[in-house]
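Participant: Following this message is one structure expressed as structure tokens.
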Amino acid sequence: MKYFFSIAFVFSFLFSYSQNSFKITGTVKDSTSQDALISSTVYLERLKDSTMVSYSITDQNGYFEIEDFTKDTLLNLNVSYTGMQTYRQTINIKKSPINIGTIFLNSAADELDEVTVTADRSPIVFKKDTLEFNASSFKTRDGANLEALLKKLPGLKVDADGNITVNGKPVQRILVNGKSFFGDDPKIATKNLPKSIIEKIQVVDTKTKEQEFTGEDGDAENKTINITIDEDKNKGIFSRLTLGGGTDGRYAMSGFGNYFKDKTRISVIAGSNNINSPGFSFDEVFDMMGSVRSVTRSSNGSFGVNGLSFGGNSGITKSDNVGVSYADEWSDNQELESNYFFGANKTRNETSTRRENILPDRTFFTNSENASINRSDSHRGSLNYSIKPDTLTRISIRPNINISTGDNESSSFSESLNSDGQQINQLNTENISEFDNKTFSNNLSFSRRLKTKGAYASLRFSNTNTNSENNSFFNSTREIFGDNPNTEIQNQNIENNSHRDEYSITGSYRNLLFNDLFYSLSYEYVNESEKSERNVFDFDENTGEFSSLNEDLSNAFTVRANKHIPKAGVRFDNDTLTLSVSGGLNRTELKTNNLIQDVNFNNDFNIFAYSGYLAYRFKDKSRLSSWFNNSTRIPSVSQLQPVTIQTNPLNITVGNPDLDASVVHNFSISYRKYDFKTRSGYGFYSYYSYNEDQVVPVTTTDEDLVRTTTYTNLSGGQNANLNFYINKSLKKSKNQNDQENITAGGNLSLIYNKNLGFSNGQNFRSESYRFSPSIDFRYEIEDLINVEPEFGITHNITTYNLQQSLDEEFTNLNFGMELTTFWPKNVTFGNDINFTKLGNISSDFDSDFLLWNVSLGYTFADEKAIVKFKVYDLLDQNINTRRTTGDDFIQDTNQLILEQYFMLSFTYKFSKFGGKDPSKSRRF
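First residue of the sequence shown? That's 3 in the working numbering, and the numbers climb one at a time after it.
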């Protein structure tokens with residue numbers, strides 16, 4: 003490791019040079035009103051090529067201060083503000099410190115929104131609720147993608163898994179020229195779009211198309227990034243093709259192509275591999291191998307892209323996929339967005355589990371082994387068409403279709419032992435199943451802006467139609483030992499078929515009461531119907547067929563539900579304060595008819611629904627926000643129906659028709675600030691929820707350790723989260739060069755959960771606490787070296803009221819580092835390292851491992867071709883082990899993972915825009 007940091011030191015020394023330090027101060031005001039112009043952008047450019055050297059943002063008094071280093075003597079000082087003429091002055095920085103005094107900006111003639119100066123682009127522009135960055139002002143390596151650019155932008159952070167936050171708020175969508183890009187997954191855009199074609203990056207609150215049209219506020223707690231393509235690059239094509247082959251039959255191939263012509267865009271993406279990658283994402287250094295520091299996986303290790311699931315850290319997945327995206331504007335009042343994805347996947351997985359189960363008077367242990375092979379083919383298509391008959395009206399239709407077919411094979415063994423290690427029971431199962439699921443949904447909306455600004459009326463109709471078919475052959479042998487031994491065999495054919503329809507219509511109206519105060523009215527009606535059949539056929543030894551219907555385990559029912567949701571609210575909104583409060587009734591009428599067991603019951607649920615939101619915007623651009631609401635959760639049909647489900651003979655479930663709806667009360671408060679002058683941001687986010695009438699399990703475990711579970715309502719479940727973050731770009735020293743960047747950040751997360759239920763007639767309570775501090779650091783010399791270490795600790799505490807002696811406390815440690823060098827020229831050497839130490843894991847499993855991926859690449863053919871040699875898991879230590887604690891259990895799990903392989907790959911890039919290859923364009 004010392005070797006790597008030595009490289010960083012040598013590079014910094016060799017490429018540093020004598021620089022001039024400078025400090026420039028001043029104040030910016032409106033020439034007419036003499037008011038301070040808050041959040042004006044002040045930036046310095048080189049005279050010879052207009053490359054940005056440094057920048058700052060004026061504070062609430064219009065004051066700015068720029069302190070930095072450069073080798074230049076003369077620089078252009080620019081001051082810009084939306085709606086004002088740009089100020090420019092050439093200064094001699096050898097006269098530092100320089101006090102410019104007061105700079106007066108004049109109003110831009112004939113400009114209502116912002117000043118546009120072709121040869122003079124401000125790096126950052128504030129426009130009401132939009133934060134805009136000029137891509138050319140932020141330098142990256144040649145051939146860099148959008149993700150590399152986002153890492154350069156102040157206030158934005160991209161983690162090891164590619165997730166993006168803006169001042170602590172998550173980015174949910176990335177748009178390209180205002181339109182979706184392969185659905186709503188941001189990583190397809192960040193991993194595939196080259197920085198060279200991007201003109202601007204705009205950050206806004208997440209809004210639907212209807213909210214954008216009507217002027218309604220969007221989701222202020224989530225952000226959307228809109229990428230504007232450079233006008234010169236908006237006519238042409240760019241593409242990338244990668245082919246790779248490795249040891250043990252490992253392979254990976256992917257392709258990506260884009261065609262732009264003004265407002266028309268056609269994109270194609272495809273891939274095939276058996277290295278647990280979706281093929282849609284492309285890491286600049288490791289290709290589809292991705293980052294080993296990724297920790298955001300689901301419990302089974304899988305992950306998804308636009309509704310298609312792929313393998314993850316557990317199991318080994320072979321995937322084939324293709325996607326097509328088309329977007330166009332046929333006229334000023336018509337636009338279309340469409341996407342289609344296909345994915346074929348095969349995942350092999352093996353899981354070993356050691357579980358300690360907690361009862362009021364004793365504990366017992368369950369050891370299990372599971373092996374499975376899952377195959378699936380998925381088709382997912384979406385379309386969004388809108389038309390504006392006039393300037394005040396918008397009509398849109400958004401149909402979606404999802405088809406998924408496949409089959410699963412699994413076998414498992416489990417045994418239960420008492421606290422003395424004596425075997426009480428064991429279970430062997432084999433299951434083969436096929437499934438066919440189809441879903442069609444549609445949304446038709448009509449929106450009309452009214453004469454009063456901010457007033458509108460809208461009508462929306464939506465439907466969702468789902469059909470699911472599942473046919474499985476299930477065989478199990480349950481053996482009970484002890485004083486009354488017995489063996490039970492299930493050899494069954496289980497058919498599950500269901501059809502569900504949901505239709506809803508919503509009318510909304512908003513208008514102005516006075517000044518900035520609006521009132522709103524809405525009514526939503528939802529009609530739901532479902533028909534489900536579960537037929538269990540026992541194997542008939544005489545006929546050799548599954549012909550005997552088991553009525554005790556079979557079920558057929560219909561469900562009809564009607565929901566009426568009237569609401570009313572008020573909203574106050576100005577430049578400083580946003581405050582809204584709304585309330586209404588959520589009434590649900592539920593009718594269930596069991597066709598086989600002749601069990602019919604009706605349930606009516608009436609819940610008062612409320613919500614509120616407050617946001618205060620300070621002059622320094624910091625923001626304090628808070629929201630509260632409640633949400634209703636209707637019990638599922640399986641929880642309501644008094645029918646025995648015995649798919650797992652050791653865990654039997656029975657519904658309860660007397661369940662009430664549960665209500666979750668939520669509250670959140672957050673504060674976020676980013677100081678562009680000091681390049682630092684900090685803030686906190688907190689969340690609390692309380693469960694009223696929560697549906698909780700009531701479990702009875704007999705002497706043979708067979709569990710039977712039903713449900714009841716119980717209040718008192720709680721969840722809380724408190725998160726602090728800080729990040730800062732560190733100032734350069736006099737001996738550093740202009741291309742050196744240093745950033746650091748820290749995060750502290752505190753999580754509390756309280757879970758309730760019943761076990762053998764006694765109320766149980768488990769409370770868990772999680773304390774997770776982490777720090778990260780980034781050191782970069784452009785085109786030479788990039789080092790990104792991070793370190794995190796997760797301290798877990800779980801307490802149980804039933805067996806206090808089993809209270810659990812353990813600590814997990816994680817250290818990751820990505821180190822990449824770009825020297826000598828055209829050579830890229832990448833190291834992605836992750837060390838994990840698991841606390842208090844079962845002695846049957848390994849507790850620590852070091853996963854190290856290596857990539858060595860060479861670029862040639864005018865930077866269009868790349869050949870790479872990659873090693874996955876260099877030290878051959880990778881494992882997938884974890885400890886989890888639940889309501890009444892402590893569990894250790896180990897799963898099959900992808901093992902070491904070596905791969906050689908070749909990548910070729912082709913692009914042509916307006917007759918030019920952007921890679922040959924002048925670099926900023």
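No residue lacks a Cβ here, since even glycine has one placed at the ideal position from N, Cα and C.
From a predicted model like this one, the values you see are computed outputs, not experimental measurements.
1) So, under 8 Å CB-CB, tyrosine 692 and glutamine 720 are touching, yes? Tell me the CB distance rounded to an integer number of Å.
2) Of all the options Tyr261, Ile190 and Asn194, which has the alpha carbon lying nearest to the alpha carbon of lysine 914?
3) Exposed or buried, what is valine 572 when buried is set at 16 or more other beta-carbons lying within 10 Å of its beta-carbon?
4) Measuring straight from C-alpha to C-alpha, what distance separates asparagine 488 and asparagine 427?
5) Phenylalanine 516 lies in the beta strand (DSSP E); which residues open and close that run?
6) Which same chain residues end up closer than 7 Å to lysine 96 when comparing Cβ atoms and leaving out the 5 residues on each side of it in sequence?
7) In or out: glycine 238 buried (at least 16 other Cβ within 10 Å) or exposed?
8) In angstroms with no decimal places, state the Cα-to-Cα distance between arginine 350 and serine 672.
9) Considering only residues of the same chain and omitting the five flanking positions on each side of leucine 616, which have a CB-CB separation below 6 Å?
10) Within the chosen definition, does the region 478-492 reach the region 512-532 through at least 3 CB pairs nearer than 8 Å?
11) Mind checking whether leucine 107 and valine 30 have CB atoms under 8 Å apart?
12) For the beta strand (DSSP E) containing valine 700, list its first residue and its last residue.
13) Round the Cβ separation of phenylalanine 817 and phenylalanine 793 to the nearest angstrom and send it over; I've been treating them as touching at under 8 Å.
14) Return the CA-CA distance between threonine 395 and aspartate 518, expressed in angstroms with no decimal places.
15) Assign phenylalanine 931 to one of three DSSP states: helix, strand, or coil.
16) Between threonine 886 and isoleucine 843, is the Cβ-Cβ spacing less than 8 Å?
17) Name the residue from Asp409, Ser421 and Ser447 whose alpha carbon lies nearest to the alpha carbon of threonine 435.
18) Return the chain-ordered list of same chain residues with a C-beta closer than 7 Å to the C-beta of aspartate 554, the five sequence neighbours on each side being excluded.
19) State yes or no: is the C-beta of valine 561 within less than 8 Å of the C-beta of threonine 594?
20) Could you check whether threonine 838 and asparagine 788 sit closer than 8 Å to each other, using their CB atoms as the reference points?
21) According to DSSP, is lysine 870 helix, strand or coil?
22) Any idea which residues DSSP pairs tyrosine 673 with across the strands?
23) Do aspartate 889 and asparagine 757 count as a contact pair if the criterion is CB distance below 8 Å?
24) Pull the bridge partners of aspartate 438 from the DSSP assignment, please.
25) Less than 8 Å between the beta carbons of serine 182 and glutamate 339, yes or no?
26) If I'm right that glycine 585 touches phenylalanine 607 with Cβ under 8 Å, what's the distance once you round it to whole angstroms?
27) Drop a sphere of 10 angstroms on the beta-carbon of tryptophan 854, count the other beta-carbons inside from all chains shown, and report buried for 16 or more, exposed for fewer.
28) Using the three-state DSSP reduction, which class does asparagine 194 fall into: helix, strand or coil?
29) Using DSSP with H/G/I as helix, E/B as strand and the rest coil, what is valine 645?
30) Give me the residue from Ser443, Ala867 and Pro391 with the minimum Cα distance to arginine 502.
31) Ignoring anything shorter than 3 residues, give me the beta strand (DSSP E) runs that lie fully in the region 854-919, in order along the chain.
32) Please report the straight-line C-alpha distance between lysine 211 and glutamine 879, rounded to a whole angstrom.
33) Under 8 Å between the Cβ atoms of glycine 685 and asparagine 169?
34) Our contact map puts leucine 152 next to threonine 192 with C-beta atoms below 8 Å; I'd like the distance itself, whole angstroms only.
35) Work out the CA separation of isoleucine 835 and glutamate 820 for me, nearest whole Å.
36) Here's a check: name, in chain order, each residue in its chain whose Cβ is nearer than 8 Å to the Cβ of serine 664, leaving out the five neighbours to either side.
Facilitator: This is what the structure gives:
1) Right, the Cβ-Cβ distance comes to about 6 Å (below 8 Å), so this counts as a contact.
2) Selected option, being the one with the closest Cα: Tyr261.
3) When all chains shown are included, valine 572 counts as exposed.
4) Whole-angstrom Cα-Cα distance: 10 Å.
5) 488-516 is the span of the beta strand (DSSP E), which, as asked, contains phenylalanine 516.
6) Asn22 and Thr75, listed in sequence order.
7) The residue in question, glycine 238, is buried, as its Cβ has 16 or more Cβ neighbours within 10 Å.
8) Near 43 Å, if we compare the C-alpha coordinates of serine 672 and arginine 350.
9) Around leucine 616: Leu581 and Ser628.
10) Cβ pair count under 8 Å is below three, so no.
11) With respect to valine 30, leucine 107 sits close: the two C-beta atoms are nearer than 8 Å.
12) Element bounds for valine 700: 696-703.
13) Cβ-Cβ separation between phenylalanine 817 and phenylalanine 793: approximately 5 Å, consistent with a contact (criterion under 8 Å).
14) For threonine 395 and aspartate 518, the distance between alpha carbons rounds to 23 Å.
15) The question about residue 931 has no answer here: the residues shown for the chain are numbered 3 through 926.
16) Not in contact: threonine 886 and isoleucine 843 (Cβ atoms no closer than 8 Å).
17) Per the sequence shown, the amino acid found at residue 435 is serine instead of threonine. When each option's Cα is compared against that of serine 435, the closest is Asp409.
18) For aspartate 554, where only same-chain residues beyond five positions count, the Cβ hits under 7 Å are Thr646.
19) The answer is yes: Cβ separation under 8 Å.
20) For asparagine 788 and threonine 838, no; Cβs fall outside 8 Å.
21) Lysine 870 sits in a strand when the DSSP states are folded into three classes.
22) Note: tyrosine 673 sits in a beta bridge opposite Leu626 and Phe686.
23) For asparagine 757 and aspartate 889, yes; Cβs fall inside 8 Å.
24) Beta-bridge partners of aspartate 438 (DSSP): Thr407 and Glu471.
25) Yes, they are a contact pair.
26) Taking the Cβ atoms as the reference, glycine 585 lies roughly 17 Å from phenylalanine 607, outside the contact range of under 8 Å.
27) Burial of tryptophan 854 is indicated by the presence of at least 16 other C-beta atoms within 10 angstroms of its C-beta.
28) Residue state, collapsed to three classes: helix.
29) The three-state reading of DSSP puts valine 645 in coil, since its state is none of H, G, I, E or B.
30) Of Ser443, Ala867 and Pro391, the residue nearest in Cα terms is Ser443.
31) For the region 854-919, whole beta strand (DSSP E) runs of length 3 or above, ordered along the chain, are 867-874, 883-887, 891-897 and 903-915.
32) Each residue's CA atom was taken as its position, placing lysine 211 and glutamine 879 some 48 Å apart.
33) Cβ atoms of glycine 685 and asparagine 169: closer than 8 Å.
34) The C-beta separation of leucine 152 from threonine 192 comes to about 7 Å, placing the pair in contact by the 8 Å criterion.
35) Distance between the alpha carbons of glutamate 820 and isoleucine 835 is about 6 Å.
36) Here the set comprises Thr634, Arg635, Pro637, Asn693, Glu694, Asp695, Gln696, Val697 and Asn715.
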